[in-house]
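Residue numbering for the sequence shown follows UniProt numbering, beginning at 1 and increasing consecutively.
Taking it in order: structure first as structure tokens, then the write-up.
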Amino acid sequence: MFQNYVANPSALAFAALAAARTTRLRILPGVVVLPSYNPLLIASEMAMLDHLAPGRVGIGVARGGGRYQLDRIGVDPAKSREIYEEALEIIRRVWVEDNVTYDGRYFSFPRTTLVPKPASQPGPDLWVASQSVDGVRKVAAQGHNLLTAPNWGNFEPHGDLEALLEAFNTAAAESGSPRGEVMVYRHTWLGRTEADALEFFDDMVSEYNHYLALTQTVSQGSREDRLKARGTGEKIDFVEAGRVVPANESPSSENLWEKYSDPVLTTADKMIERFKQMEAMGVDHLACLIAWGQPIEAVVAQMELMAEQVLPAFAEKEQA
């Protein structure tokens, strides 16, 4: 919204279109930035989506990773976490309770009942986005499912994901809450050869630099540096006429496999190997990011190639 890096102002509207055009596909808009919305209104839209595709809908939610959008709609980025937490509490309550009243710091309303409530009870699956160790601990303690990718996955060193999963699993065990499921984002491109897999590497670097500009995140240095709090510092001007002015980092395509857990730009055998390693670590789902500026025909062909060469390795085996 308001810039060309993420130009989808309504994840739920797009999800409704996908629901109308499919019958079996599971749908997970990821993510709805809760501080941007009135929680009662967005809860009702989520409930309606659940009726359009009952049993097929999950909802990804987040507080937001940068201040650019929040600045433009009058939300103080420094308060976004508190606003998000109130909004999430309200959504979960009105999905299941009647006559809800609420008197919070940011939202207050008299007795209210959501009509209709979601078709699924206690509501569609919630997936909470978080990238920091403290954040994933909180997600785990609340029993939520986790959407994650350290450093948004971009040129993510080996070890970052393991640290997050350890924090998530430990917090879930200590809280006594059932462990939520974990979905990890990965930039992937499957090639018939290693050279083919790097065909669109320059496009990925461009996408990465747009991401860096928007999040004020640095890619080098310690994990703490790379994931330092975003959106609460000095305003910077990195968008001109709706177009992000990208950062200018130039990571090398050499030794990607050895240096990084993400991206996964390789052949089928090695991609399957990497995904099985993640499965063994406790990752339940992968969200493969395969569109970062390539022609749509190449993206569709990539989906078909993944279905042919990678997905069969993870298909559920029929019971004898």
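Ideal Cβ placement from N, Cα and C applies to all residues, glycine included.
Fair warning: this is a prediction, and the values are worked out from it, not measured in the lab.
State yes or no: is the C-beta of residue i within less than 9 Å of the C-beta of residue j?
i: L114; j: V128; result: no
i: A140; j: A167; result: yes
i: W189; j: I296; result: no
i: M48; j: A87; result: no
i: I59; j: P29; result: yes
i: G143; j: S177; result: yes
i: V184; j: L214; result: no
i: Y68; j: F201; result: no
i: A20; j: L52; result: yes
i: residue 323; j: H210; result: Since the first and last residues shown for the chain are 1 and 320, residue 323 lies out of range.
i: T170; j: R137; result: yes
i: V182; j: N145; result: yes
For the ligand SAM, is there any heavy atom lying closer than 8 Å to the beta carbon of residue i?
i: Q277; result: For the ligand SAM, the structure offers nothing, since it holds no ligand at all.
Going by other Cβ atoms of all chains shown within 10 Å of its Cβ, with 16 needed for buried, is residue i buried or exposed?
i: residue 339; result: It is not possible to answer for residue 339, since the shown part of the chain is limited to 1 through 320.
i: R111; result: exposed
i: V96; result: exposed
i: G74; result: exposed
i: R186; result: buried
i: L311; result: exposed
i: R116; result: For the sequence presented, residue 116 should be read as Pro rather than Arg. Exposed is the call here.
i: D269; result: exposed
Bridge partners for residue i per DSSP, in chain order?
i: F2; result: In the DSSP output, where bridge partners are listed per residue, F2 has none listed.
i: P39; result: In the DSSP output, where bridge partners are listed per residue, P39 has none listed.
i: N145; result: W127
i: E174; result: Paired residue(s): none; E174 is not in a bridge.
i: V139; result: V139 pairs with nothing; no bridge assigned.
i: E166; result: None, per the DSSP bridge assignment.
i: E316; result: According to DSSP, E316 bridges with nothing at all.
i: P157; result: Y260
i: V115; result: Answer is none; V115 lacks a bridge partner.
Please report the straight-line C-alpha distance between residue i and residue j, rounded to a whole angstrom.
i: residue 368; j: F275; result: Here the chain comprises residues numbered 1 to 320, so residue 368 is not present and cannot be evaluated.
i: P35; j: R92; result: 15 Å
i: M6; j: V244; result: In the sequence under discussion, the amino acid at residue 6 is Val, which differs from the Met named in the question. Going from the Cα of V6 to the Cα of V244 covers about 10 Å.
i: A172; j: V283; result: 15 Å
i: L305; j: S108; result: 51 Å
i: A298; j: E199; result: 11 Å
i: I272; j: Y106; result: 46 Å
i: T23; j: S130; result: 30 Å
i: V61; j: D125; result: 11 Å
i: F155; j: A163; result: 16 Å
i: H158; j: S261; result: 5 Å
i: L70; j: D76; result: 7 Å
i: H285; j: I27; result: 13 Å
Does any residue of chain B bring its CB to less than 9 Å from the CB of residue i?
i: M46; result: In summary, chain B is missing from the structure at hand, where a single protein chain is found.
What residue ranges within the segment 233-312 form continuous beta strand (DSSP E) runs of no fewer than 3 residues, ordered along the chain? 260-262, 264-266, 285-289
Scan the segment 40-111 and note each continuous beta strand (DSSP E) run of 3 residues or more that stays entirely inside, going in chain order. 58-62, 100-103
In chain order, which continuous runs of the beta strand (DSSP E) of length 3 or greater are located wholly inside the segment 180-206? 182-190
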